[in-house]
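So the protein lines, in turn, are chains U and S.
Using this note's numbering, read the first sequence as starting at 1472 and increasing by one per residue.
Using this note's numbering, read the second sequence as starting at 1472 and increasing by one per residue.
All C-beta atoms, glycine included, are put in the ideal place defined by N, C-alpha and C.
Quick caveat: nothing in here was measured; it's all calculated off a predicted structure.
2 protein chains.
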Amino acid sequence: MPSLEFFRLKSRAEVLGLYSRFAPVGMEDLELMESGGRVAAGDLAAPEEVPAFHRASMDGFAVRAGDCFGATPGLPQYLDIRGEVPMGEAPGGEVGPGEAWRIATGGMLPRGADAVVMVEYTNEMPDGTLEVRRPVAPGENILHPGEDVKAGEVLFPAGRRLRAQDLGLLAALGVTRVEVHRRPRVAVLSSGDEIVPITEKPALGRVRDANVYLVADQVREGGGIPVWKGIVPDDYAALKAVLAESLLEADLILISGGSSVGARDLTLKAMQDLPEAEILVHGVAIRPGKPTILADIGGKPLLGLPGHPASAAVVMQVLGRPLLQRLAGITEERPLWGGTVQARLSRNLAGATGREDFVRVRLRPDQEVLWADPVLGPSGLLSPLVKSEGLVVIPLGVEGLVREEAVTVQLF
Amino acid sequence: MPSLEFFRLKSRAEVLGLYSRFAPVGMEDLELMESGGRVAAGDLAAPEEVPAFHRASMDGFAVRAGDCFGATPGLPQYLDIRGEVPMGEAPGGEVGPGEAWRIATGGMLPRGADAVVMVEYTNEMPDGTLEVRRPVAPGENILHPGEDVKAGEVLFPAGRRLRAQDLGLLAALGVTRVEVHRRPRVAVLSSGDEIVPITEKPALGRVRDANVYLVADQVREGGGIPVWKGIVPDDYAALKAVLAESLLEADLILISGGSSVGARDLTLKAMQDLPEAEILVHGVAIRPGKPTILADIGGKPLLGLPGHPASAAVVMQVLGRPLLQRLAGITEERPLWGGTVQARLSRNLAGATGREDFVRVRLRPDQEVLWADPVLGPSGLLSPLVKSEGLVVIPLGVEGLVREEAVTVQLF
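Printed below as a string of structure tokens:
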């Protein structure tokens, strides 16, 4: 076993700061129906205004507001029902003084009319007269052209992840195709002589390859396409070959490292010997996750994850996801609401000297208080991770957190 | 236009209470790698224990704890380095008294040893002697068999939506395939003579079919498979035919209705005339979303959404998603954390008499306070929905909410 290398640990913020050197992936042109959850590659502007014409926003009668002035249940106004606006067609005439036209929600307002009186406040008399029991203001119950969207207005800036309602608005404007970033392809591999495929019964001393499932699914959740490159033995030539191949196929390489120091050194050497390779980070001041590696290989990022599944999961959450977001082209300034919840810590927690400490917590509501219960256990264990809902960070330079302290939980 | 039908509005809670009559969809057997985000169809139990053997949880030396008793930097203990545990293999011998074996994290503990002393607290002397500068407790830096998972333990109950770490744990246990509920197939259709496909320039009075994009993408986000059935004119026979066809293909029908009262009545009649059809709900006490319909057609649910896109979006969020969850087989008791955030209302809001009122809000952090800014506008407008991040509910029987009041925002 070679002696421990001493290198300067980078803080999490320093690592995140390095991501700007990696360019987002390219674009593709998609059918609108396929673009939900995808990231706009350019600004999306409105090709026309919405609505395109005055529309009724209620079922009722198109009228001249002045004709209903002062109407009350006791002293209604009476109008002549002169026509009906057919749904989906332009009205066949004009609303004259003292006249009313039947109109349904969404119908086009006939010329002459300046308001819609709701059907609830009217009575139709047998002779075709309309009794109106309430006044209506000019413009009431009407949508005006351009009220929803003005032509040329930027609806969604580049970097926006498109939601269901965004697709609805684009559809209303006749946008049939959208330029989006393609989904980043992410090579996922495990290294280590002790790792066997999950289909095998591991011999004494060996373990199944849990990491690739955990990491690949986090990639999928984060909007990437995992490309499974399998298990690589602790062998320099094999490692270098699979890394080189991965670089050709993927936008990002995630390798969960051999867990011994020797295996890590071997992985590091294989990375360094690739063309245009630069090791940017070798050790991060977080717990778990210290042995994390970040490299730039010809402009493509490689993230070396710890071998322990539970540590790999935390590093993916804390460092892997933001890298994937960067590559995916997401530049929305607004935070992703819902990624955190506020809770109260249910016990004291001691921090790790010189590291940001990420503690798994389970959430437990009790009498209006949401408690964050730390789920402790060695980082090699998977079950505490499975039982927890998120992470609480004990910041650098803080001795610990105390019971009942308010904490922000970063949800998985 | 027929006169308004008066029917008793159902509350949101009453509607949700009706969902239990609909059975979750069937199952399928998936490769573990494909099962992320899917819902376990039965309890998933551990076929074996994890770890299967005593493992080192740190890089260092396997020792007998008693041999390191009282060790300090000033007065170290000295041990004989007698072997090394090869990663991924059973150790080739036993640790005797006064002996130490090199071991890496994850390595199998040799017989005789009962602790691992971390490499940081040791020095290797040129003659093969190990200097130990700290004592170690029996069991320290060791994972015990079954410490992570016991054989036979239920890991995930039926109805659990599988996360990345869950897949990792299943992989570690050699579970290669999982029984999950299949994704519900959801027929999505729009009705109304005024609706044209988004590829067309609408004639005066007509509008493009925004709803199908909005609704289909909400189905996708909710884990369903949208099946697009197109636009149906306001025609009894056509409606009935497409509904009958949809029933054969889908587990749920979402129809966003003609916006006029006449069109709604036509749709209702077409539904009622299908075999074994029962209209369960015709009108819900929510705003927007009053004209919502729920029907049971031979055991399959049909949800009739309002024609206005913005109203349809709210109904999908408030009533459509829970129905989709029910069909998807999700029965996790724990709430889906992250679906809401706490905020402070930035202005007074008046409620709707006799209805739960759902108000769109945009979130705005300002000096440690997260403000919920109501985004007002008629329900026919899409842009307020696009600008907002979630909904605040003004409960039934409440006159309104006041500025600075704490509110729970249901995120989109």
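Report task. Please classify Leu1487 of chain S: does DSSP put it in a helix, a strand, or coil? Result -> Translated into positions along the second sequence, residue 1487 of chain S becomes position 16. If DSSP states are grouped into helix, strand and coil, Leu1487 of chain S belongs with the helices.
Requested in this report: Return the residue from the list S:Gln1813, S:Gly1733, S:Ile1750 that minimises the CA-CA distance to Gly1778 of chain S.
Outcome: Locating residue 1778 of chain S in the second sequence gives position 307, counting from the first residue. Out of S:Gln1813, S:Gly1733, S:Ile1750, S:Gly1733 has the C-alpha closest to the C-alpha of Gly1778 of chain S.
Query raised in the report: Which residues in chain U sit within 8 Å of Asp1702 of chain S, going by Cβ to Cβ distance?
Result: For this step, residue 1702 of chain S is matched to residue 231 along the second sequence. Looking at the sequence shown, residue 1702 of chain S is not Asp but Ile. Result: empty, since nearest Cβ-Cβ is about 11 Å, beyond 8 Å.
Query raised in the report: What residue ranges within the segment 1841 to 1874 of chain S form continuous beta strand (DSSP E) runs of no fewer than 3 residues, ordered along the chain?
Result: 1861 to 1865
Query raised in the report: Start and end of the beta strand (DSSP E) containing Gly1494 of chain U?
Result: Mapped onto the first sequence, residue 1494 of chain U falls at position 23. Checking the displayed sequence, the identity of residue 1494 of chain U turns out to be Ala instead of Gly. Looking at the DSSP string, Ala1494 of chain U is not in any beta strand (DSSP E), and its letter there is neither H nor E.
Query - Neighbour flag for Ala1642 of chain S against chain U, beta carbons, 8 Å - result: Here residue 1642 of chain S refers to the residue found at position 171 when the second sequence is read from its first residue. Yes, Ala1642 of chain S counts as interfacial toward chain U.
Query raised in the report: First and last residue of the alpha helix (DSSP H) that includes Val1786 of chain U?
Result: Mapped onto the first sequence, residue 1786 of chain U falls at position 315. Taken as a continuous stretch (DSSP letters only), the alpha helix (DSSP H) holding Val1786 of chain U covers 1780 to 1786.
Query raised in the report: Any idea if Ser1474 of chain S is buried or exposed, counting beta-carbon neighbours within 10 angstroms, 16 or more meaning buried?
Result: In the second sequence, residue 1474 of chain S corresponds to position 3, counting from 1. Its pLDDT being 35, under 50, Ser1474 of chain S is placed unreliably by the model, and the measurement read from it follows with that caveat. Result: exposed.
Query raised in the report: For Tyr1549 of chain U, which beta-bridge partners are listed by DSSP?
Result: Position 78 of the first sequence, counted from the start, is the residue given in the question as residue 1549 of chain U. In the DSSP output, where bridge partners are listed per residue, Tyr1549 of chain U has U:Glu1602.
Query - Pairwise C-alpha distance: Val1840 of chain U and Ser1482 of chain U - result: As a working mapping, residue 1482 of chain U is identified with position 11 in the first sequence. As a working mapping, residue 1840 of chain U is identified with position 369 in the first sequence. Each residue's Cα considered, the two are about 33 Å apart.
Query raised in the report: Does the segment 1628 to 1641 of chain S come close enough to the segment 1529 to 1547 of chain S that 3 or more CB-CB pairs lie under 8 Å?
Result: no
**Report entry** Assumed close pair Glu1502 of chain S, Leu1644 of chain S - CB separation to whole angstroms, cut-off 8 Å
**Finding:** As a working note, residue 1502 of chain S is residue 31 in the second sequence. As a working note, residue 1644 of chain S is residue 173 in the second sequence. Actually they are not in contact, since the Cβ atoms of Glu1502 of chain S and Leu1644 of chain S sit about 15 Å apart, beyond 8 Å.
Query raised in the report: Around the C-beta of Arg1826 of chain S, are 16 or more other C-beta atoms found within 10 angstroms, so that it is buried, or is it exposed?
Result: Counting from one through the second sequence, the residue named residue 1826 of chain S turns up at place 355. Buried, by the Cβ-count rule.
Requested in this report: Look at Tyr1490 of chain U and Gly1639 of chain S and say whether their C-beta atoms are less than 8 Å apart.
Outcome: In the first sequence, residue 1490 of chain U corresponds to position 19, counting from 1. In the second sequence, residue 1639 of chain S corresponds to position 168, counting from 1. No, they are not a contact pair.
Query raised in the report: What does Pro1836 of chain U pair with, by DSSP beta-bridge criteria?
Result: Within the first sequence, numbered from 1, the residue matching residue 1836 of chain U stands at position 365. For Pro1836 of chain U, which the question treats as bridged, DSSP gives the partners U:Leu1841.
Query raised in the report: With distances taken from CA atoms, which of U:Gly1488, U:Arg1792, U:Phe1829 is nearest Gly1694 of chain U?
Result: Position 223 of the first sequence, counted from the first residue, corresponds to residue 1694 of chain U. Among U:Gly1488, U:Arg1792, U:Phe1829, the Cα nearest to that of Gly1694 of chain U is on U:Arg1792.
Query raised in the report: Would you call the segment 1760 to 1767 of chain U and the segment 1782 to 1802 of chain U in contact, with 3 or more CB pairs under 8 Å?
Result: yes
Query raised in the report: Taking Cβ-Cβ distances shorter than 9 Å, what residues in chain U pair up with Ile1669 of chain S?
Result: The count along the second sequence starts at 1 and reaches residue 1669 of chain S at position 198. Under the 9 Å cutoff, chain U gives Leu1503, Leu1641, Ala1642, Ala1643, Leu1644, Gly1645, Val1646, Thr1647.
Report task. Rounded to whole angstroms, what's the CA-CA distance from Thr1824 of chain U to Gly1531 of chain S? Just pull it up for me. Result -> By one-based count along the first sequence, residue 1824 of chain U stands at place 353. By one-based count along the second sequence, residue 1531 of chain S stands at place 60. Each residue's Cα considered, the two are about 20 Å apart.
Query raised in the report: Which chain U residues sit within Cβ distance under 7 Å of Phe1829 of chain S?
Result: Counted from its first residue, the second sequence places residue 1829 of chain S at position 358. The premise fails here: Phe1829 of chain S is roughly 14 Å from chain U at the closest Cβ pair, so nothing lies under 7 Å.
Report task. Use the C-beta contact count for Ala1708 of chain S: other C-beta atoms within 10 angstroms, 16 or more gives buried, fewer gives exposed. Result -> Locating residue 1708 of chain S in the second sequence gives position 237, where the first residue counts as 1. Result: exposed.
Query - Between the CA atoms of Leu1795 of chain S and Pro1616 of chain U - distance to the nearest angstrom - result: Position 145 of the first sequence, counted from the first residue, corresponds to residue 1616 of chain U. Position 324 of the second sequence, counted from the first residue, corresponds to residue 1795 of chain S. So the two alpha carbons sit approximately 36 Å from each other.
Query raised in the report: Who are the Cβ neighbours of Ala1561 of chain S in its own chain at under 8 Å, not counting the five residues just before and after it?
Result: Your numbering for residue 1561 of chain S matches position 90 in the second sequence. Counting only Cβ-Cβ distances below 8 Å, and skipping sequence neighbours, we find Met1579.
**Report entry** Residues from the segment 1682 to 1699 of chain U in contact with chain S, defined by Cβ distance under 8 Å
**Finding:** Asn1682, Val1683, Tyr1684, Leu1685, Val1686, Ala1687, Asp1688, Gln1689, Arg1691, Glu1692, Trp1699
**Report entry** Residues of the segment 1780 to 1795 of chain S whose Cβ lies closer than 7 Å to any Cβ of chain U, in chain order
**Finding:** Pro1780, Ala1784
Requested in this report: Find the residues of chain S that neighbour Asp1680 of chain U, judging by a C-beta separation of less than 9 Å, and give them in chain order.
Outcome: Position 209 of the first sequence, counted from the first residue, corresponds to residue 1680 of chain U. Neighbours of Asp1680 of chain U on chain S, chain order: Ala1642, Ala1643.
Requested in this report: Would you tell me roughly how many angstroms separate the C-alpha atoms of Gly1775 of chain S and Glu1692 of chain S, rounded to the nearest one?
Outcome: Residue 1775 of chain S sits at position 304 when you count from the first residue of the second sequence. Residue 1692 of chain S sits at position 221 when you count from the first residue of the second sequence. If you take the alpha carbons of Gly1775 of chain S and Glu1692 of chain S, they lie about 19 Å apart.
Query - Residues from the segment 1550 to 1580 of chain U in contact with chain S, defined by Cβ distance under 8 Å - result: Glu1555, Val1556, Pro1557, Met1558, Gly1559, Glu1560, Ala1561, Pro1562, Arg1573, Ala1575, Thr1576, Gly1577, Gly1578, Met1579
Report task. Taking Ala1658 of chain U as the reference, give the member of U:Arg1605, U:Ala1494, U:Val1832, U:Trp1699 with the closest Cα. Result -> Start at 1 with the first residue of the first sequence, and residue 1658 of chain U comes out as number 187. When each option's Cα is compared against that of Ala1658 of chain U, the closest is U:Trp1699.
**Report entry** Cβ neighbours of Val1690 of chain U in the same chain (closer than 6 Å, five flanking residues each side left out)
**Finding:** Here residue 1690 of chain U corresponds to residue number 219 of the first sequence, with the count starting at 1. So the qualifying residues of the chain are Val1657, Pro1697.
Report task. Grab me the residues of Arg1679 of chain S's own chain with a C-beta within less than 8 Å of its C-beta, minus the 5 sequence neighbours each way, in chain order. Result -> Within the second sequence, the letter at position 208 stands for residue 1679 of chain S. Once the five neighbours on either side are set aside, the close Cβ partners of Arg1679 of chain S are Ile1666, Val1667, Pro1668, Ile1669, Glu1671, Pro1673.
Query raised in the report: With a CB to CB cut of under 7 Å and the five nearest residues on each side skipped, what residues in its chain are close to Val1786 of chain U?
Result: Indexing the first sequence from 1 puts residue 1786 of chain U at position 315. Hits under 7 Å: Gly1760, Thr1763, Leu1776, Pro1777.
Query raised in the report: Of all the options S:Leu1867, S:Val1846, S:Asp1837, S:Arg1831, which has the alpha carbon lying nearest to the alpha carbon of Gln1881 of chain S?
Result: In the second sequence, residue 1881 of chain S corresponds to position 410, counting from 1. Cα-wise, what sits closest to Gln1881 of chain S is S:Arg1831.
Requested in this report: Grab me the residues of Pro1606 of chain U's own chain with a C-beta within less than 7 Å of its C-beta, minus the 5 sequence neighbours each way, in chain order.
Outcome: Locating residue 1606 of chain U in the first sequence gives position 135, where the first residue counts as 1. Within the same chain, Pro1606 of chain U has close Cβ partners Cys1539, Phe1540, Gly1541, Ala1542.
Query raised in the report: Which term fits Val1873 of chain U, buried or exposed, when burial requires 16 or more other beta carbons within 10 angstroms of its beta carbon?
Result: The count along the first sequence starts at 1 and reaches residue 1873 of chain U at position 402. Its Cβ having fewer than 16 others within 10 Å, Val1873 of chain U is exposed.
Query - With 16 other Cβ atoms within 10 Å as the buried cut-off, status of Gln1743 of chain U - result: Walking along the first sequence from the start, residue 1743 of chain U turns up at place 272. Per the 10 Å Cβ criterion, exposed.
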